[in-house]
Amino acid sequence: MRDDIQSALVTRLGQLPSDQRLTVFELFAHNLTIAARGAWADSALSTKQQVQALKTINECLHKATSRVQVERLGTRKWTDEDFVGMVADCEAVLHSALQGSLGWALEASLGHVEAKARR
């Protein structure tokens, strides 16, 4: 994920009130399950590549659900920069055929919440 995209995502997250931020992270976790389906369903990838992708996406999903808890309970400080950077780091190790899927998952989640807020 390019630095300018990361920066834009961080800015957009920072503009949301806490209830909408929480919804973004919940939707992100859901959208990561869709990204995982893309990994195991991609017949162009070897079984080993699919397993590695699922492990990476699962780690990102684990952190996304942890972020939901942090947002809900305020148990610690977790910056948006660190979170978006983690997503970018996970995406960077995915097979090139799957790169973009984690960024899509976060962008789609954010876009959904922003669109709903404009209504």
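Heads up: the sequence shown runs through residues 1162 to 1280, numbered per our numbering.
Don't be surprised by glycine CBs; every beta carbon is placed ideally from N, CA and C.
Quiz prompt | Backbone CA spacing between A1249 and G1264 [nearest angstrom] | solution = Numbered from its first residue, the sequence shown carries residue 1249 at position 88. Numbered from its first residue, the sequence shown carries residue 1264 at position 103. The alpha-carbon atoms of A1249 and G1264 are separated by roughly 7 angstroms.
Quiz item: From A1196 to L1259, what does the alpha carbon distance come to, in whole angstroms?
Solution: Numbered from its first residue, the sequence shown carries residue 1196 at position 35. Numbered from its first residue, the sequence shown carries residue 1259 at position 98. Spanning the two alpha carbons is a distance of roughly 8 angstroms.
Practice problem: Determine the direct distance from the alpha carbon of L1234 to that of A1169, and round the result to whole angstroms. | Solution: Working through the sequence shown from its first residue, we reach residue 1169 at position 8. Working through the sequence shown from its first residue, we reach residue 1234 at position 73. Rounded to the nearest angstrom, the two C-alpha atoms are 26 angstroms apart.
Exercise. Could you spell out where the alpha helix (DSSP H) holding T1226 opens and where it closes?
Key: The count along the sequence shown starts at 1 and reaches residue 1226 at position 65. Looking at the DSSP string, the run of the alpha helix (DSSP H) that includes T1226 is 1208–1234.
Practice problem: Whole angstroms is fine: what's the gap from N1192's alpha carbon to M1162's? | Solution: Counting from one through the sequence shown, the residue named residue 1192 turns up at place 31. Counting from one through the sequence shown, the residue named residue 1162 turns up at place 1. Cα to Cα, N1192 sits roughly 17 angstroms from M1162.
Quiz item: For G1261, which three-state DSSP category applies?
Solution: The residue you call residue 1261 lines up with position 100 of the sequence shown. Coil at G1261, not helix or strand.
Practice problem: Could you spell out the range, first to last residue, of the alpha helix (DSSP H) harbouring W1201? | Solution: What you label residue 1201 is simply residue 40 of the sequence shown in a count that begins at 1. Unbroken alpha helix (DSSP H) run through W1201: 1179–1202.
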